[in-house]
Amino acid sequence: MNAAEAVRGRQSKKVLVFGVFDGLHEGHRAFLKAAKGLGGYLVVVVAPDRVVVRLKGKKPTYGLASRMKRLRRVVYVDVVIKGDNNLGTYEVIKHFQPDVIALGYDQKTLRGDLLRKAKQFPWRPKVRMMKPHRPSEFHSRLFRGN
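According to this note's numbering, the sequence shown holds residues 72 to 217 in order.
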């Protein structure tokens, strides 16, 4: 049984989150804890390096393997997986079939795209925007100096 089959078979609500998680900080941890509170099982989808370059115009500070390893140590996280290689395909959503997709306060573009493409999912996951955790202190760009 692969990770997707194991998650789909769970009885508790499945929550899926997306992110780069480059330099895991307190804001990320607060987001993950809040997302976990929306259900019983949290799946974290980490953007591959090439997708990060397309989204942000530059490589992440930490490579995919390092970012995933750090996330696996977070107590609220049940599964960490690599995201899709192509933006907007949402194959990972189709495979895991989450009950809830929790988005960070700064993922408004992703929210809009998910709502536009919701008809491609045979079930209707709820899309929830999470509240920021002191964004003036904990947004990733503050740690990168840009």
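Note that beta-carbon positions come from the ideal geometry of N, C-alpha and C, so glycine has one too.
Query raised in the report: Given that a residue counts as buried once 16 or more other Cβ atoms are within 10 Å of its Cβ, and exposed if not, what is residue 83?
Result: exposed
Report task. Report the three-state DSSP secondary structure of residue 136 (helix, strand or coil). Result -> helix
Report task. Can you check the region 87 to 167 for any alpha helix (DSSP H) of at least 4 residues that lies completely inside it and give the ranges in chain order? Result -> List check, alpha helix (DSSP H) in window: 97 to 107, 120 to 127, 135 to 143, 162 to 167.
Query raised in the report: Hey, quick one: how far does the beta strand (DSSP E) through residue 190 stretch, first residue to last?
Result: Counting along the chain, residue 190 falls outside any beta strand (DSSP E), and DSSP gives it neither H nor E.
Requested in this report: Starting from residue 197, trace the beta strand (DSSP E) both ways and give me its first and last residue.
Outcome: 197 to 200
Report task. Express the C-alpha separation of residue 163 and residue 154 in angstroms, rounding to a whole number. Result -> 7 angstroms
**Report entry** residue 85 - partner residues in DSSP beta bridges
**Finding:** 112
Query raised in the report: How about residue 86 and residue 109: do their beta carbons lie closer than 8 angstroms?
Result: Taking C-beta atoms as the reference points, residue 86 and residue 109 count as a pair closer than 8 angstroms.
Query raised in the report: Distance, Cα to Cα, residue 123 vs residue 201?
Result: 21 angstroms
Requested in this report: Answer with buried or exposed for residue 89, where buried requires no fewer than 16 other C-beta atoms within 10 angstroms of its C-beta.
Outcome: buried
**Report entry** Straight-line gap, residue 204 to residue 186 (C-alpha atoms, nearest Å)
**Finding:** 24 angstroms
Query - Cβ contact check for the region 112 to 122 and the region 130 to 147: 3 or more pairs under 8 angstroms - result: yes
Requested in this report: Report, in whole angstroms, the separation of the C-beta atoms of residue 103 and residue 148, which I expect to be a contact under 8 angstroms.
Outcome: 6 angstroms
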